[in-house]
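Peer 1:
Chains as they are written, first to last, in my numbering: chain Y, 1 to 377; chain V, 1001 to 1656.
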């Protein structure tokens, strides 16, 4: 097993921009990117021909969540070039951020050193662009509940939520055939917020998402460094030369942080969540091979997992398509949040179950998680 | 969130288990109740209040509808537990394990099996039941003695289509060039067939065969297979990448049936009259059309007078042997027929999938118990559903269909007959007609005075002096036939919509799409759009029958519009729209089309009632493509702010 300390870059871009990001990733020499389909949600005033209903409608725009791994030294340059490719600095287009991750696997061929070693573009320094500290709040909910929570977050002006689909594993799989009676479909909601607001947002999400009720979901936060954050919460026609989101972004840039827009005082009590040291433990493997691996992780002490589908893009393997046997691009991603002290045991368990060998051909990604709250009983 | 290592299966109290199962069953049943309620209520209310005809066999129909609801719930659950996961897994696993060639061969076998499993040839026969062998000899042959050839052509078309569709998904080719090539080709072929009176009659059959042969098991299976293949080929970011197989499986059978017809045509006589058909000079060809000497004699017995029969076939025709029934040793009770059909629809397809996974790919099924339960659900669901359709919804549809001509015709109401005693002929009033004949009227006492009704001598018994008066009701829509036809077309429009709301294949497509697009393409939106399209298409199809519009220009116009809209649509919307064409005509719509067709087609004197399914397939395409434009217009606000050529932002100006 090899260990590799990397920066994991996540780029959330409107689907119409995803191809530009992928192409830039190719030019950067990133040999593997993983994309997942989600949607960015924003508000729009109810049109006049719909006389009844809520004042604002939820507008969903399909977005791709593109993930790639780079050496930590190249994080800013890579983020800047990917962001510029889709011009994510314009409101409504998307977000890009990076986080620390450790990869565990057999053989990593994630980037081309030569292509990647380019310095950040000059305009990054000219515009005094630095990644700002943010918190990525993730919340796993039963399918259909994400929209309401997203509406609350939007109406409170907390940020633009991104929602994706997943499937829950864990408790349900220990019920035998009775499991079919329990829906496994989940929604995963992500939100980028300034660190000063994270507690407040988590508190709101726990109350609005009813996350203290057993079986209702899971919430946690991961510290990230964001270069561009989509803050276009309202899609209505703009009435000034700049949108409020653009003004806020500029102020962030001038003040050098997002702390000036904290909504709550430092004395605010923090939400009652699990303060034990936790890590996120993510398995990425070929689609259809995750079930036994997750079972092995659950048997080794993990509590539950959320499965989502990824599509791997690996430019150099496109030539394989001409061969008789295809290289699969379908991947599964199993997210678990586990106590840090279980990490070694879990790694051994999934390795023994064949994560690194065919047909799974997978790897593990781990990173810190703050303030998790599991409400699955 | 952690738990002790090695924890075993959870033990749940029995009461809790029942509560879980009850909630699960209730949710599934409620969904189907919502799906079926509209069409049921509509058919019943239309019959009761518009056509003013009573509903016969109410209890049977109610039980049948209950069976449809339970059957649909079980069947859908079976689809999602077994059939679709198996199909998707085959799509994901086969290419990586056995290669492209083997995958394409597997797809072809799957297509062939699907057609033989769900041939839907019964529907085609019903639509062509009014066909007379001398009016359309080739059509009659293809629907009777030549059924194996017809099914073979359709199966070859579906097999080829699935293979091509899977290959397209693997190579990530766009669907649009296939459509641009296939549709004009099909129209040219149809035009070619229309030039020869022998093949002109089979155009409707060919087009409808494309729509009906993709049944409720095949369509979700093909969608799942396409999705699996598209994911492995790295098109997971394009949700509709796996669609298109159903489109091809609807188009290629049309080509094959038309080619079959064109190939067989020289061996068949042109359309003519019965006398010519039964003439001794035409004997050999007549035998071929009828499918044998015995069948020809039966036809002759049904259509010739005894004298003509004797002159043609001799004084004492041989007693023809009873027609052989392939299921003679299998008692043909209704239930057994349905069991046989359900088993035939599901098991061969499941066997092909399981063989591919267990023997070819050699892997264990991850949730074998779930798959087994799903297969049992789909079998039980299919059985209950088809039985319930037969007993409930189809009967209701049949009653409404039979009552439909009341919209434009006066109807005798024997159920309201009154017998008048002591009727004397001296009471009759005679009145002159312009042509010089005399009409007789009988005055009947009404509270406002006498009412004169036409006197029919055959209803008068001179011995008992009793007269049986059968009242007649005028057309529901008034004396203008136009409004009668309008009422019928409106009925068909709403019926098409209602039936589509309950179609299982469309629901499966909607759920798959919602999953693939993370809910940005809503199932309810798709179903409503398609339902509107089907309703419009059906109204157009029945309009063709009622007003005898020519088939080819109608088809060409509709498909040209669909193709033109496709050019300007996104790849995703185009694939969704064209796949909808294949999923709309399913086990709920088709029996209701037959029901309405029987009522309308026969009264309107149409030779055949084909074309309804085809029109019901093309209009959903148009509807979904148009909805795509509407959604795009609504998303304008989400459009990326800068238009092409707009001033770049400062960051872009500095960007490398």
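Ideal Cβ placement from N, Cα and C applies to all residues, glycine included.
Please confirm whether residue 1096(V) has its beta-carbon closer than 8 Å to some beta-carbon of chain Y.
Peer 2: If you number the second chain from 1, residue 1096(V) lands on position 96. It does; some Cβ of chain Y falls within 8 Å.
Peer 1: Rounded to a whole number of angstroms, what is the C-alpha to C-alpha distance between residue 1380(V) and residue 1082(V)?
Peer 2: Walking along the second chain from the start, residue 1380(V) turns up at place 380. Walking along the second chain from the start, residue 1082(V) turns up at place 82. The alpha-carbon atoms of residue 1380(V) and residue 1082(V) are separated by roughly 13 Å.
Peer 1: I'd like the list of long-range same chain contacts for residue 1328(V), defined as Cβ closer than 7 Å, with 5 residues on each side in sequence excluded.
Peer 2: Here the question's residue 1328(V) lines up with position 328 in the second chain. Residue placement at residue 1328(V) is flagged as unreliable, the pLDDT there being 44, under the threshold of 50; a coordinate-derived value is accordingly withheld.
Peer 1: On the CB-based measure, 16 or more other CB atoms within 10 Å of its CB, does residue 1415(V) come out buried or exposed?
Peer 2: Numbered from 1 along the second chain, position 415 holds the residue referred to as residue 1415(V). So residue 1415(V) counts as exposed.
Peer 1: With DSSP as the reference, label residue 1370(V) as helix, strand or coil.
Peer 2: Start at 1 with the first residue of the second chain, and residue 1370(V) comes out as number 370. DSSP places residue 1370(V) in helix when its eight states are reduced to three.
Peer 1: For the stretch 1343-1370 of chain V, enumerate the residues whose C-beta is nearer than 7 Å to any C-beta of chain Y, in chain order.
Peer 2: So the list reads 1366, 1369, 1370, given in the order they occur along the chain.
Peer 1: Per DSSP, what are the beta-bridge partners of residue 168(Y) in this structure?
Peer 2: Against the first chain, residue 168(Y) aligns to sequence position 168. In DSSP, residue 168(Y) forms a bridge with 306(Y).
Peer 1: Should residue 37(Y) be flagged as near chain V, meaning a C-beta pair shorter than 8 Å?
Peer 2: For this step, residue 37(Y) is matched to residue 37 along the first chain. Chain V, which has a Cβ nearer than 8 Å to the Cβ of residue 37(Y), makes this yes.
Peer 1: Starting from residue 1017(V), find everything on chain Y with Cβ-Cβ shorter than 8 Å and list it in chain order.
Peer 2: Along the second chain, one-based indexing puts residue 1017(V) at 17. Result: 178.
Peer 1: What three-state label does DSSP hand residue 353(Y) in the structure shown?
Peer 2: Within the first chain, numbered from 1, the residue matching residue 353(Y) stands at position 353. Coil at residue 353(Y), not helix or strand.
Peer 1: Once the 5 residues before and after residue 290(Y) are set aside, which same chain residues still bring their CB inside 7 Å of it?
Peer 2: Counting from 1 along the first chain, the entry for residue 290(Y) is found at position 290. Around residue 290(Y): 283, 307, 332, 334.
Peer 1: Is there a Cβ from chain V that is less than 8 Å from the Cβ of residue 13(Y)?
Peer 2: Translated into the one-based positions of the first chain, residue 13(Y) becomes position 13. It does not: the Cβ of residue 13(Y) has no partner Cβ on chain V nearer than 8 Å.
Peer 1: For residue 240(Y), which of helix, strand or coil comes out of DSSP?
Peer 2: Within the first chain, numbered from 1, the residue matching residue 240(Y) stands at position 240. DSSP places residue 240(Y) in coil when its eight states are reduced to three.
Peer 1: Excluding the five sequence neighbours on either side, which residues of its own chain have a C-beta within less than 6 Å of the C-beta of residue 1565(V), listed in chain order?
Peer 2: Numbered from its first residue, the second chain carries residue 1565(V) at position 565. These residues qualify, in order along the chain: 1625.
Peer 1: Looking only at its own chain, which residues have a Cβ that is under 6 Å from the Cβ of residue 12(Y), when we skip the five neighbours before and after it?
Peer 2: What you label residue 12(Y) is simply residue 12 of the first chain in a count that begins at 1. Counting only Cβ-Cβ distances below 6 Å, and skipping sequence neighbours, we find 63, 65, 94, 95, 162.
Peer 1: Quick one: measure Cβ to Cβ for residue 1536(V) and residue 1610(V), integer angstroms, because I've assumed they're closer than 8 Å.
Peer 2: For the purposes of this step, residue 1536(V) is identified with residue 536 of the second chain, where counting begins at 1. For the purposes of this step, residue 1610(V) is identified with residue 610 of the second chain, where counting begins at 1. Not really, about 18 Å apart at Cβ, beyond 8 Å.
Peer 1: Any contact between the stretch 1415-1425 of chain V and the stretch 1060-1075 of chain V? By contact I mean 3 or more CB pairs, one from each, below 8 Å.
Peer 2: In short, these stretches do not touch, since the Cβ pair count stays below three.
Peer 1: Cβ closer than 9 Å: which chain Y residues qualify as neighbours of residue 1509(V)?
Peer 2: As a first step, residue 1509(V) is located in the second chain; it is residue number 509 there, counting from the start. Simply none; closest approach about 17 Å.
Peer 1: Using only CA atoms, which one of 1288(V), 1338(V), 1279(V) lies nearest to residue 1311(V)?
Peer 2: Indexing the second chain from 1 puts residue 1311(V) at position 311. Closest option to residue 1311(V), Cα to Cα, is 1279(V).
Peer 1: Residues of chain Y with CB closer than 8 Å to the CB of residue 1092(V), please, in chain order.
Peer 2: As a first step, residue 1092(V) must be located in the second chain, where it is residue number 92. Correct list: 287, 288, 328, 330.
Peer 1: Of all the options 1596(V), 1561(V), 1512(V), which has the alpha carbon lying nearest to the alpha carbon of residue 1220(V)?
Peer 2: Taking the second chain and counting its residues from 1, one reaches residue 1220(V) at position 220. When each option's Cα is compared against that of residue 1220(V), the closest is 1512(V).
Peer 1: Should residue 49(Y) be labelled buried (16 or more other beta-carbon atoms within 10 Å of its own) or exposed?
Peer 2: Indexing the first chain from 1 puts residue 49(Y) at position 49. Exposed, because fewer than 16 other Cβ atoms sit within 10 Å of the Cβ of residue 49(Y).
Peer 1: Determine which residues of the stretch 99-120 of chain Y have a Cβ less than 7 Å from any Cβ of chain V, and write them out in chain order.
Peer 2: Those residues of the stretch 99-120 of chain Y that come within reach of chain V (Cβ to Cβ, closer than 7 Å) do not exist; the list is empty.
Peer 1: If contact means a Cβ-Cβ distance below 7 Å, which residues of the stretch 1218-1232 of chain V contact chain Y?
Peer 2: Answer set for the stretch 1218-1232 of chain V: 1231, 1232.
Peer 1: Taking beta-carbon pairs under 9 Å, can you tell me which members of the stretch 1072-1086 of chain V lie near chain Y?
Peer 2: Those residues of the stretch 1072-1086 of chain V that come within reach of chain Y (Cβ to Cβ, closer than 9 Å) are 1077, 1081.
Peer 1: Going along chain V, which residues have a C-beta under 7 Å from residue 284(Y)?
Peer 2: If you number the first chain from 1, residue 284(Y) lands on position 284. None at all; the shortest Cβ gap to chain V is about 14 Å.
Peer 1: At the 8 Å Cβ level, is residue 165(Y) part of the contact set with chain V, yes or no?
Peer 2: As a working note, residue 165(Y) is residue 165 in the first chain. Interface residue, yes.
Peer 1: What is the DSSP secondary structure of residue 1615(V), counted as helix, strand or coil?
Peer 2: In the second chain, residue 1615(V) corresponds to position 615, counting from 1. Of the three classes helix, strand and coil, the one that applies to residue 1615(V) here is helix, per DSSP.
Peer 1: Is residue 1049(V) buried or exposed, if buried means 16 or more other CB atoms sit within 10 Å of its CB?
Peer 2: For the purposes of this step, residue 1049(V) is taken as residue 49 along the second chain, with counting starting at 1. Exposed, because fewer than 16 other Cβ atoms sit within 10 Å of the Cβ of residue 1049(V).
Peer 1: Any C-beta of chain Y within less than 8 Å: which residues of the stretch 1511-1527 of chain V qualify?
Peer 2: Here the close residues are 1515, 1516, 1517, 1518, 1519, 1520.
Peer 1: Between residue 54(Y) and chain V, is the shortest Cβ-Cβ distance under 8 Å, so that the two count as touching?
Peer 2: As a first step, residue 54(Y) is located in the first chain; it is residue number 54 there, counting from the start. False, the Cβ-Cβ gap to chain V never drops below 8 Å.
Peer 1: How is residue 1510(V) classed by DSSP in three states: helix, strand or coil?
Peer 2: As a working note, residue 1510(V) is residue 510 in the second chain. Residue state, collapsed to three classes: helix.
Peer 1: At 8 Å on the CB atoms, spell out the chain Y contacts of residue 1626(V), in chain order.
Peer 2: Taking the second chain and counting its residues from 1, one reaches residue 1626(V) at position 626. Within chain Y, no residue comes near residue 1626(V); the closest Cβ sits about 18 Å away, beyond 8 Å.
Peer 1: What separation, rounded to the nearest whole angstrom, lies between the Cα atoms of residue 1582(V) and residue 1249(V)?
Peer 2: Counting from one through the second chain, the residue named residue 1582(V) turns up at place 582. Counting from one through the second chain, the residue named residue 1249(V) turns up at place 249. When rounded, the distance between both Cα atoms is 8 Å.
Peer 1: Of all the alpha helix (DSSP H) runs that stay within the bounds of the stretch 1065-1134 of chain V, which reach a length of 4 or more residues?
Peer 2: Listed in chain order, the complete alpha helix (DSSP H) runs (minimum 4 residues) inside the stretch 1065-1134 of chain V are 1084-1098, 1100-1117, 1121-1127.
Peer 1: For a cutoff of 8 Å on Cβ pairs, would you count residue 1169(V) as touching chain Y?
Peer 2: Your numbering for residue 1169(V) matches position 169 in the second chain. No - not a single Cβ of chain Y is within 8 Å of the one on residue 1169(V).
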